[in-house]
Amino acid sequence: MPIEQDLIVTLLQGHTDRKEEAHVLELLREASAPTLDKVLREVDAALLFRSLDDHLLGPANHAALRDLLVERIGELSIAAQANVAYGLQAGITGRADEEAISAIFHARKGIELTQLKNQMNSRTDAHDLEGLVFGDIDDEGIRVEILDHIAEQAAGVHTGESKVLCDIDDTVICALHDDRYPKGTIYPGILALLEALDRGHDDEPFSTGDLTFVTARPGDALGLIENHTRSSLRRAGIATHSVLTGTLSALVTHDLMAGQKIANIDHYRQLFPEYRKLFIGDSGQGDVRVGELLLERFGDVVDIVVIHDVVGTPEDERAAHAAAGIHFVDTYIGAARLMHERGLIAEAGLERVISESYAALDAIAWRSPEQRAAIQALLDRDAAPATA
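Residue numbers (my numbering): 529 to 916.
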């Protein structure tokens with residue numbers, strides 16, 4: 529019989545009794561492949577799994593749902609498979625749930641696995657791909673199975689694109705050490721630059737949403753801090769991204785902060801080996817060390833390291849870092865020029881960074897005309913070679 533999606537949604541509202549749970553299972557069992565796929569693309573999968581229980585003295589409906597969906601995983605689209613993984617991830621994840629998540633990864637190969645990972649990583653809450661593989665999956669053996677499958681399948685995939693790894697404080701938003709701007713300012717041109725990087729060298733990307741923020745801000749078990757960070761970024765105009773958080777202990781020194789960021793980036797490297805990487809940070813809180821470690825450990829897959837200078841680094845130090853592959857910039861027009869020269873963004877992307885950098889000047893609540901003039905002078909200097 530045809531499945532009634534609205535009926536399933538109704539059955540899941542509020543507390544579900546055993547009869548309602550059995551009805552949901554019956555509807556899903558009898559659904560055709562296209563109908564099942566549609567339901568699992570659109571339903572709140574976390575609510576679905578949360579509503580079906582393994583009763584102490586009764587049917588194990590949660591397990592039955594999980595086993596049913598694993599059995600029919602090959603009938604589902606990438607979007608539906610990613611949603612099922614989210615449903616398993618969002619609650620308490622036992623070993624059988626972890627094995628089911630592994631089965632979802634193994635259901636895809638090659639470029640389809642890349643698409644599945646990107647779909648999993650596109651969530652706007654704490655339940656992203658890194659959280660799934662390195663947080664929710666506790667069994668080391670299952671994690672290794674997943675990572676081995678990812679590595680094997682990525683070997684034949686060439687996306688031609690980079691995953692962008694970006695700091696937040698004093699890189700996207702003036703927050704700590706930078707006295708050139710009012711605190712809370714979104715730096716001129718940064719949003720356009722991140723968009724240009726996401727769109728790639730020809731403005732026709734293989735995938736979008738290739739932006740991950742790497743922060744030493746601590747995470748927490750419920751994802752509250754990570755979700756707060758995401759909300760702040762969305763208010764800044766950045767909708768599609770993932771966040772790699774740190775720990776409280778990593779906030780003690782800049783070296784510890786750098787070490788935490790590198791550990792997170794290594795997670796990301798293992799999850800997306802088919803992509804190259806680039807890093808944007810600032811000169812205020814250990815990101816130079818992050819860049820050094822990135823080039824030392826993963827230099828073969830790192831396109832560029834750019835450091836937004838917020839502490840007035842002397843020119844001789846900048847030159848020494850540039851010789852080692854770490855490039856300091858005063859503005860994001862300067863960063864865009866570097867990335868355009870290296871074929872990482874399109875000409876149109878460079879033009880958007882220049883245009884939006886100048887447009888942002890009027891939106892900033894400057895403390896004085898002199899403060900604005902100083903920044904405009906930097907923009908004029910960095911824009912001149914690109915507009916000459």
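Backbone N, C-alpha and C fix where the C-beta goes; we use that ideal spot for every residue, glycine too. In this text, all values refer to a predicted model and were calculated from it rather than measured experimentally.
Counting Cβ pairs, one atom from each stretch, are 3 or more of them under 8 Å apart for the stretch 872-890 and the stretch 841-851? no
Could you say which of Val598, Gly819, Arg600 and Asp625 lies nearest to Cys694 if we only look at CA atoms? Gly819
What is the DSSP secondary structure of Arg578, counted as helix, strand or coil? Helix.
So what does DSSP say about Thr563, is it helix, strand or coil? In the structure shown, Thr563 sits in a helix (DSSP, three-state: H, G or I).
Where Asp843 falls, given that 16 or more other Cβ within 10 Å makes a residue buried: The sequence given here places Glu at residue 843; Asp does not occur at that position. Under this definition Glu843 is an exposed residue.
What separation, rounded to the nearest whole angstrom, lies between the Cα atoms of Ser735 and Ala574? 26 Å
Distance between Arg797 and Pro710 (C-alpha atoms, nearest Å): Taking the straight line from one Cα to the other gives about 35 Å.
Return the bridge partner residues of Gly809 from the DSSP annotation. Ile835
Contact between the stretch 655-675 and the stretch 622-639 (3+ Cβ pairs under 8 Å): yes
Leaving out the 5 sequence neighbours to the left and right, which residues in its chain are closer than 7 Å to Ala610 when beta-carbon positions are compared? Leu644, Gln647 and Met648
What does Ala588 pair with, by DSSP beta-bridge criteria? Answer by DSSP bridge pairing, in chain order: Asp582.
In angstroms, rounded to a whole number, what distance separates the CA positions of Ala679 and Ile536? 38 Å
DSSP three-state label for Phe800, please. coil
Does the distance from the C-beta atom of Gly877 to that of Ala724 stay below 8 Å? yes
Inter-residue spacing [alpha-carbon to alpha-carbon] between Arg909 and Ile620: 54 Å
Would you kindly check if the distance between the Cβ of Asp810 and the Cβ of Val838 is under 8 Å? yes
Distance, Cα to Cα, Thr563 vs Leu553? 14 Å
Roughly how far, in whole angstroms, is the beta-carbon of Leu722 from the beta-carbon of Val692, given that I think they are within contact range, below 8 Å? 7 Å
Got a sec? Which residues, its chain only, sit under 8 Å from Ile790 by beta carbon, not counting five neighbours each side? Non-local C-beta neighbours of Ile790 in its own chain, meaning closer than 8 Å and more than five positions away in sequence, comprise Val818, Leu821, Leu822 and Arg825, ordered along the chain.
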